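J.: Below: one structure in structure tokens.
Numbering (the working numbering), first residue to last: 938 to 1178.
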């Protein structure tokens, strides 16, 4: 939140409000990634240029940092990392902090969209039943099974594997070692030789899955940005419980 950022942050860090700065306010589906011009304006205003290495930070090194990682990756910016353990670990280690706003020199960000990194509802529907496509549901098990609902319908997209975001984090914060992550996801049926689309409620928790699968070398990943916010209310789209 802005007040938390102003109270203390890593020196030189600028604040990104992912719910406002990098979303499309005109899309009827909530929290969709901003279109190219709007995204470029936001990144440039924050000082991000084409050669800037961006380190995304949230409290835990979690889904809000990976959402920014995914958005930048989608727009062709490869120089982006996620701070493992996030702000909480930074503070725990007694590293330097500062407060207040940071003066930013505008950058020149030029988006180069990679459409393969973002899936639509039509893309997902076209892939249903295909043996060569994997769907990953990053929500908690109760939402996956339909025991708990967010929206008019519960359940999951037919055929999806449940890999909740919590599966990727260590108890003390930060991501698990990659070897452990691989064991966990393969133990739930994930294969690395199939195109994979991840979703959640709003295309945010899904990016935790995508980030870690990318670190493991998965070659074909996409975020269904509309996720359950779009799929759930649409009665023309099938669900499974």
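Note that the Cβ used here is the ideal one computed from N, Cα and C, for glycine as well. Remember, it's a predicted structure, so these values are computed and weren't measured experimentally.
Residue 1138 to residue 1007, Cα distance in whole Å?
T.: By 1-based counting over the chain shown, the position of residue 1138 is 201. By 1-based counting over the chain shown, the position of residue 1007 is 70. Computed Cα separation, rounded: 16 Å.
J.: Residues bridged to residue 1011 by DSSP?
T.: As a first step, residue 1011 is located in the chain shown; it is residue number 74 there, counting from the start. Paired residues: none, contrary to the question.
J.: Starting from residue 1147 and walking both ways along the beta strand (DSSP E), at which residues does that stretch end?
T.: As a working mapping, residue 1147 is identified with position 210 in the chain shown. Premise fails: residue 1147 lies in the alpha helix (DSSP H), 1143-1152, not in any beta strand (DSSP E).
J.: Could you check what DSSP says for residue 1005 in three-state terms: helix, strand or coil?
T.: As a working mapping, residue 1005 is identified with position 68 in the chain shown. Correct three-state label for residue 1005: helix.
J.: Nearest by alpha-carbon distance to residue 1017: which of 1045, 1001 and 991 is it?
T.: Locating residue 1017 in the chain shown gives position 80, where the first residue counts as 1. Selected option, being the one with the closest Cα: 991.
J.: Quick check on DSSP: helix, strand or coil for residue 943?
T.: Within the chain shown, residue 943 is the residue found at index 6, counting from 1. Here residue 943 sits in helix by DSSP.
J.: Return the CA-CA distance between residue 1074 and residue 969, expressed in angstroms with no decimal places.
T.: Taking the chain shown and counting its residues from 1, one reaches residue 1074 at position 137. Taking the chain shown and counting its residues from 1, one reaches residue 969 at position 32. Per the coordinates, the alpha-carbon of residue 1074 lies some 18 Å from the alpha-carbon of residue 969.
J.: If you follow the beta strand (DSSP E) that residue 1057 is part of, which residue opens it and which one closes it?
T.: Walking along the chain shown from the start, residue 1057 turns up at place 120. Element bounds for residue 1057: n/a, residue is neither H nor E.
J.: Considering residue 1134, what are the terminal residues of the alpha helix (DSSP H) in which it resides?
T.: The count along the chain shown starts at 1 and reaches residue 1134 at position 197. From DSSP, residue 1134 is part of no alpha helix (DSSP H) but of the beta strand (DSSP E) over 1133-1136.
J.: In this structure, how does DSSP classify residue 1164 when only helix, strand and coil are distinguished?
T.: Counting from one through the chain shown, the residue named residue 1164 turns up at place 227. In the structure shown, residue 1164 sits in a helix (DSSP, three-state: H, G or I).
J.: Report buried or exposed for residue 1015, applying the criterion of at least 16 other Cβ atoms within 10 angstroms of its Cβ.
T.: For this step, residue 1015 is matched to residue 78 along the chain shown. Label assigned to residue 1015: exposed.
J.: Is the Cβ-Cβ distance between residue 1022 and residue 1110 less than 7 Å?
T.: Along the chain shown, one-based indexing puts residue 1022 at 85. Along the chain shown, one-based indexing puts residue 1110 at 173. Yes, the pair counts as a contact, with Cβ atoms nearer than the cut-off.
J.: Could you check if residue 974 is buried or exposed, using at least 16 other CB atoms within 10 Å of its CB as the buried criterion?
T.: For this step, residue 974 is matched to residue 37 along the chain shown. Per the 10 Å Cβ criterion, exposed.
J.: Let me confirm a value: residue 1019 is counted as buried when at least 16 other C-beta atoms fall within 10 Å, else exposed. Which label applies?
T.: The residue you call residue 1019 lines up with position 82 of the chain shown. Its Cβ being crowded by 16 or more others within 10 Å, residue 1019 is buried.
J.: Under three-state DSSP, which class holds residue 1034?
T.: Sequence index remark: in the chain shown, residue 1034 carries index 97 (1-based). Coil at residue 1034, not helix or strand.
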